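As numbered in the UniProt record's numbering, residues 1 to 417 make up the sequence shown, in order. Cβ atoms here follow ideal geometry from the backbone N, Cα and C, with glycine treated the same way. Since the model is a prediction, treat every value here as computed from it, not as a measurement.
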Amino acid sequence: MRVPSLRGRRVVTVKEPCRDDFPALGREIDGRGISYLDNGATTLKPRSVIQAVCGYYESNGANIHRGKHRLSEEASDAYESSRTVIARHIGAAANEVVLLRNTSEALNLVAAGLDLAPGARVVGCLDAHHSQLLPWRRVGHLDLARVDAHGRLDRDHFRKLLSDPPEVVVLTHCSNVTGVVHPVRELVAEVRAACDATIVLDAAQSLPHGRLNVRDLDVDFMAFSMHKMLGPTGVGCLFGRSERLAALRPLTVGGGMVDWVDLDGSVDRRIPFRFETGTPAVASVIGSAAAIRYLEELDPDKRHRREQDLCAALVDGALARPALTLIGPPDHTDRIALASLRLDAAAPAGEVARLLSDSYGYMVRSGHMCAQPVVTELAGGEVLRVSAYLYNEVPEIEGFYQALDELLTWLAPPTGG
């Protein structure tokens with residue numbers, strides 16, 4: 001496998017996303033083209049990513065960091081070059097990026113690895129994903145900052161929780177339920193001014209929609225998943241400041257994370273390798289670098305305008321329909337192109353999602369979004385979530401709402417005596 005040099009590579013932002021780049025969008029279901037609107041869960045993959053994954057298997061397929069033969073060395077070089085691409089995308093050093101399976105594993109690594117004292121106090125937010133709730137409940141006492149009726153953080157309550165200094169503050173940059181993008185820089189500044197807490201950011205929903213710089217954000221740890229930003233499944237990334245990673249205890253132990261093992265003990269490898277146990281998802285990591293390159297070659301201004309147009313179509317379409325309740329802010333400010341909808345009780349969200357798929361070709365999500373506390377608080381039950389991405393177009397959103405109108409009319413209980 002030929003490993004391209006990444007030194008001195010310049011990004012030229014002249015490209016626009018093209019639907020033809022995504023083979024899955026060419027599928028039909030019962031003769032009808034599909035519209036993929038479940039991007040908050042997982043995005044589709046462009047051909048360049050698919051080719052990078054297939055290229056590894058076709059021309060190499062060897063394990064990494066396991067031998068001195070040519071194939072292993074080529075695969076190792078490609079793997080570590082991919083780590084560098086990912087790190088550079090977020091303004092980190094390569095040794096500050098740990099390559100894991102998903103965001104959940106990354107957050108669990110930090111929660112378990114900090115070696116908190118029993119009952120240690122952790123402050124989080126009500127709209128956190130379960131992966132930013134459950135690991136911290138396991139290792140400490142978790143207090144959640146409230147959100148208002150539209151899902152925006154109650155800043156006064158957040159400050160009150162900081163007044164009794166916590167050991168850890170866990171932030172969600174963007175809610176996967178409301179689409180709200182929280183002012184992380186401001187929140188981090190408030191934490192730094194109030195206490196000496198470790199700050200852990202879940203950026204799984206925000207980073208796919210625009211570049212972040214971990215130095216500017218001033219967080220200690222940040223987790224995200226490549227499958228939500230055009231990359232393959234099976235790759236989660238953890239950024240950690242080098243000194244914080246060096247003090248973190250590995251979550252798992254075994255092959256690949258040690259330099260030496262004898263009858264008396266072992267010596268761990270340096271960061272980040274001490275956290276990467278066993279054979280990794282080599283092809284998926286190489287494909288992740290291709291995803292980053294695809295994103296970096298897009299015109300950021302045009303991409304932002306498309307995001308705003310999609311967001312407006314989602315929000316305005318929901319507000320125009322009395323039968324729907326938008327879970328989230330009724331505006332287009334500081335949010336991504338994602339809308340969670342509460343339907344009439346006579347229309348179960350899961351059944352509506354199935355019918356939208358099978359009868360109209362619209363792929364959307366239903367349920368509690370792995371964020372049940374905030375869904376219960378704001379919606380009282382399951383929701384229908386529609387999440388757009390860079391290959392979606394406004395007419396798709398309009399078509400989705402027209403299909404939903406038709407379905408809800410059909411599912412409405414009969415009236416009359």
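At a Cβ-Cβ threshold of 8 Å, Pro232 and Ser288 count as neighbours. Of all alpha-carbon atoms in His150, Ser225, Phe221, the one lying nearest the alpha-carbon of Asn102 is that of Ser225.
Within the model, the alpha-carbon separation for Val200 versus Leu171 is close to 6 Å.
The stretch 26-46 makes no contact with the stretch 261-270, as fewer than three CB pairs between them are under 8 Å. Nearest to Glu296 by C-alpha distance, out of Gly256, Thr178, Gly67, Arg88, is Arg88.
With respect to the 8 Å criterion, Ala323 and Leu408 are classified as neighbours on the basis of their beta carbons. It is roughly 53 Å from the alpha-carbon of Pro17 to the alpha-carbon of Asp262. Linking Val97 to Pro166 through their CA atoms gives a straight-line distance of about 26 Å.
Going by C-alpha positions, Arg249 is about 56 Å away from Trp410. From the listed residues Met229, Asp316, Ala189, the smallest Cα separation to Glu398 is found for Asp316. Here Val110 carries a helix assignment [DSSP, helix/strand/coil]. Taking Ala93 as the centre and dropping the five residues before and after it, the same chain places the C-beta of Ala87, Ser242 closer than 8 Å to its C-beta, in chain order. For the pair Val168 and Leu114, the CB atoms are nearer than the 8 Å cut-off.
In summary, Gln132 is buried, with 16 or more beta-carbon neighbours lying within 10 Å of its beta-carbon over all protein chains present. Exclusion of the five residues before and after Arg303 leaves Leu390 as the residues of its chain whose Cβ lies within less than 7 Å of its Cβ. The C-alpha of Glu406 is placed about 23 Å away from the C-alpha of Pro330. Between the alpha carbons of Ser81 and Ala412 lies a distance of about 55 Å. Shown here, Gly55 sits in a helix according to DSSP, grouped into three states.
Here the C-alpha atom of Met257 lies approximately 44 Å from the C-alpha atom of Thr333.
Apart from the 5 residues on each side of it in sequence, Ala189 sits with its Cβ closer than 8 Å to the Cβ of Asp218 in its chain, given in chain order.
Assigned with DSSP and collapsed to three states, Arg185 falls in helix.
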